[in-house]
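Student: This is the structure I want to talk about, given as structure tokens.
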Amino acid sequence: LDRFKPYTFEWLGSHEDTDKPRIDLKNYKYTRKNQGDETFKICSAGWSHSRVLSAHFAYLLRVYKVNNVVASQVKMRRPHEMKEFNKTSAVDCNIIIVGFGQWSAGVRPLTTFPSYRKDLEEGILAWKSSNINFVIRKSHYNALGDSKNTCPARDWRSPPVIDGYNEISRSLAQKHNITYLDTGSLMDPMWDSSEDFCHYRGLEGRTEALFLLKKVLQMNVKYNWIKPAQKNKA
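Position one of the sequence shown corresponds to residue 164 (the numbering used here), numbered consecutively onward.
Okay, here's the thing in structure tokens:
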């Protein structure tokens, strides 16, 4: 069953879809020196959605033959785990892209809005005090199904709940001067397009990854506040 008609994404001023994007990552100078022995590591904090995002990053870096930028995942399920996060786990991450919401709304114990705000704010403050470089991305919607539509719902991952989490994330990012990366213009129209009704493994997810990759690399060039990760010495 074909759930959707064929579609393409277009960047502003471009008529090419993102299978062959016009952004030149191969020659992108992510640091001012851009020495060949430097490695810039982008980490995605979260669970399965962040794992898929990291895989998209790795795919794009291979396509563009970018050898001095790598992608990895920092496994976390809920915002309160930021407080328990071992700082040594972030040593090799130049920047961490934080994305929560799936476990908070989908797996018991389910997290109310006040608890989500409290846990995320405490996590933000803990990471700032530890000088961990991070941004917060907009959480994904999930396609509806029986677990979300039943009454009472067994799974809270309906659009209004995710909207609530995202508004909390946006407001706390603004309050604490953290960059909030909003991919809604790309992902919201495709909110129920994932094959498994959850994970964006196709063109839509790859497009989001390209957008985030560009934003993060531009941030480092503009502010120059991220030092290259140190390679392990033998």
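Just so it is clear, CB atoms sit at the ideal spot from N, CA and C, and this is done for glycine as well.
In this text the structure is predicted, and so the values were computed from the model without any measurement.
Leaving out the 5 sequence neighbours to the left and right, which residues in its chain are closer than 6 Å to Ala-221 when beta-carbon positions are compared?
Tutor: These residues qualify, in order along the chain: Ala-234.
Student: Could you name each continuous alpha helix (DSSP H) segment of 4 residues or more that falls completely within the segment 253-307, going from the start of the chain to the end?
Tutor: Listed in chain order, the complete alpha helix (DSSP H) runs (minimum 4 residues) inside the segment 253-307 are 265-269 and 276-292.
Student: Suppose contacts are defined by Cβ-Cβ distances below 8 Å. Is Ile-205 in contact with Val-261 by that definition?
Tutor: In this structure, Val-261 does not lie closer than 8 Å to Ile-205 by Cβ.
Student: Would you check if the distance between the CB atom of Cys-256 and the CB atom of Val-237 is smaller than 8 Å?
Tutor: Result yes, Cβ atoms of Cys-256 and Val-237 sit closer than 8 Å.
Student: What is the rounded straight-line gap between the Cα of Leu-283 and the Cα of Thr-202?
Tutor: Each residue's alpha carbon lies about 29 Å from the other.
Student: Residues in the same chain with beta-carbon distance under 8 Å from Ile-325, minus the five sequence neighbours each way, listed in chain order, please.
Tutor: So the list reads Gly-264, Ala-268, Ser-302, His-303, Tyr-304 and Asn-305, once near-sequence residues are dropped.
Student: Would DSSP call Gly-347 helix, strand or coil?
Tutor: Helix at Gly-347.
Student: Can you tell me which of Ile-341, Ser-217 and Asn-340 puts its alpha carbon nearest to the alpha carbon of Thr-370?
Tutor: Of the listed residues, the one whose Cα sits closest to Thr-370 is Ser-217.
Student: In this structure, what does DSSP give as the bridge partners for Phe-203?
Tutor: BP columns for Phe-203 point to Val-232.
Student: Out of Pro-352, Arg-280 and Arg-364, point me to the one whose CA is closest to Pro-322's CA.
Tutor: For Pro-322, the nearest C-alpha among the options comes from Pro-352.
Student: Note the first and the last residue of the continuous alpha helix (DSSP H) segment covering Ile-341.
Tutor: Counting along the chain, Ile-341 falls outside any alpha helix (DSSP H), and DSSP gives it neither H nor E.
Student: Return yes when the Cβ of Thr-275 is within less than 8 Å of the Cβ of Arg-241, no when it is not.
Tutor: No; because the gap between Cβ atoms is not below 8 Å, this pair is not in contact.
Student: Using a Cβ-Cβ cutoff of less than 6 Å, which residues in the same chain neighbour Asn-329 once the five nearest sequence positions on both sides are dropped?
Tutor: Within the same chain, Asn-329 has close Cβ partners Lys-301 and Ser-302.
Student: With Ala-221 as the anchor, note down where its alpha helix (DSSP H) starts and where it stops.
Tutor: First-last of the alpha helix (DSSP H) with Ala-221: 211-226.
Student: Starting from Lys-311 and walking both ways along the alpha helix (DSSP H), at which residues does that stretch end?
Tutor: From DSSP, the alpha helix (DSSP H) with Lys-311 extends over 309-312.
Student: Taking Cβ to Cβ, would you say His-243 is nearer than 8 Å to Gly-286?
Tutor: Their beta carbons are under 8 Å apart, which means His-243 touches Gly-286 by this criterion.
Student: What would DSSP say about Ala-208, mapped onto helix, strand or coil?
Tutor: Ala-208: strand per DSSP, three-state reduction.
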